[in-house]
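Undergrad:
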Amino acid sequence: MSNRDRSIFSNNSIVTGIIVTSLIYLFATLVPAIGPVFLVVTPLPLIYFYLRLGRLRGWSVFLGTMSLILLAAVITSDPAILVAILFFGLAGIAIGETTKRDLSIEATMLITVAIVLLPVTLFVLYESFRTAQSPW
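The numbering of the sequence shown is the numbering used here, which starts it at 2 and goes up by one.
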């Protein structure tokens with residue numbers, strides 16, 4: 002086993018990935034003027050680092066980013082940040098995984114939509130039951 006494989010945190014690329022991804026996510030959620038446009042491209046850093054670093058280190062970048070975003074959500078008292086980033090982060094991980102498997106673009110998008118649609122649907126159902134309002 003080489004020195005590179007001994008620890009998942011031995012690579013500075015993980016720290017770089019966490020910082021870059023967190024900054025992009027925070028910029029997309031906290032800047033009101035350009036945030037919604039920028040939110041569409043937020044899965045791109047996760048796709049890049051997932052493909053570059055591999056599955057375990059890619060998940061480490063995702064979880065580290067989610068930890069920093071959770072800290073920002075607690076500081077700003079805005080839990081909506083965490084929900085939006087979770088959905089777009091899952092999309093980035095799903096696209097990275099399906100791209101790594103050399104699936105067709107149709108299969109890649111179908112799997113990604115299915116992976117993201119399930120938590121979105123569960124969140125909408127949870128919020129509708131919590132607030133006792135119909136989701137439509």
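Virtual Cβ for every residue (Gly too), placed ideally from N, Cα, C. Only a predicted model underlies this, so the values are computations on that prediction, with no experimental measurement involved.
Please list the terminal residues of the continuous alpha helix (DSSP H) segment that includes leucine 104.
TA: To locate residue 104, count along the sequence shown from 1; it is residue 103. Counting along the chain, leucine 104 falls outside any alpha helix (DSSP H), and DSSP gives it neither H nor E.
Undergrad: Using 8 Å for Cβ pairs, my map puts methionine 30 next to alanine 85. What's the rounded Cβ distance?
TA: Your numbering for residue 30 matches position 29 in the sequence shown. Your numbering for residue 85 matches position 84 in the sequence shown. Going by the sequence as given, residue 30 is threonine instead of methionine. Between alanine 85 and threonine 30 the Cβ distance is about 6 Å, and since that is below 8 Å, they are a contact.
Undergrad: Go ahead and label serine 14 buried or exposed: buried means 16 or more other beta carbons lie within 10 angstroms of its beta carbon, across all protein chains shown.
TA: For the purposes of this step, residue 14 is taken as residue 13 along the sequence shown, with counting starting at 1. Result: exposed.
Undergrad: Put valine 41 into one of helix, strand or coil per three-state DSSP.
TA: Residue mapping note: residue 41 aligns to position 40 of the sequence shown, counting from 1. Look at valine 41 here: in three-state DSSP terms it is coil, with no helix or strand label.
Undergrad: Nearest by alpha-carbon distance to leucine 118: which of Leu91, Leu64 and Asp103 is it?
TA: On the sequence shown, position 117 is the one that residue 118 refers to. Checked all of Leu91, Leu64 and Asp103; the closest Cα to leucine 118 is Leu91.
Undergrad: Looking at valine 121 and phenylalanine 88, is the spacing between their C-beta atoms short of 8 Å?
TA: Translated into positions along the sequence shown, residue 88 becomes position 87. Translated into positions along the sequence shown, residue 121 becomes position 120. Cβ distance < 8 Å, so phenylalanine 88 and valine 121 count as in contact.
Undergrad: Would you kindly check if the distance between the Cβ of glycine 59 and the Cβ of isoleucine 19 is under 8 Å?
TA: Along the sequence shown, one-based indexing puts residue 19 at 18. Along the sequence shown, one-based indexing puts residue 59 at 58. Against a cut-off of 8 Å, the Cβ pair of glycine 59 and isoleucine 19 comes out as no contact.
Undergrad: Can you give the Cα-Cα distance for isoleucine 25 and isoleucine 96, rounded to whole angstroms?
TA: If you number the sequence shown from 1, residue 25 lands on position 24. If you number the sequence shown from 1, residue 96 lands on position 95. When rounded, the distance between both Cα atoms is 18 Å.
Undergrad: Nearest-angstrom Cα distance between isoleucine 76 and leucine 69?
TA: Here residue 76 corresponds to residue number 75 of the sequence shown, with the count starting at 1. Here residue 69 corresponds to residue number 68 of the sequence shown, with the count starting at 1. Going by the C-alpha atoms only, they are around 11 Å apart.
Undergrad: So, with DSSP's three-state summary, where would you put tryptophan 137?
TA: For the purposes of this step, residue 137 is taken as residue 136 along the sequence shown, with counting starting at 1. Tryptophan 137: coil per DSSP, three-state reduction.
Undergrad: For a test of the three-state rule: what should DSSP assign to isoleucine 82, helix, strand or coil?
TA: Reading the sequence shown from its first residue, position 81 is the one you call residue 82. Helix, per DSSP.
Undergrad: Cα-Cα, which of Arg56, Phe28 and Arg53 is closest to threonine 43?
TA: Here residue 43 refers to the residue found at position 42 when the sequence shown is read from its first residue. With distances taken between Cα atoms, threonine 43 lies closest to Phe28.
Undergrad: Comparing alpha-carbon positions, which option in Leu83, Thr22 and Pro33 lies nearest proline 46?
TA: In the sequence shown, the residue the question calls residue 46 occupies position 45. Of the candidates Leu83, Thr22 and Pro33, the one whose C-alpha sits nearest the C-alpha of proline 46 is Thr22.
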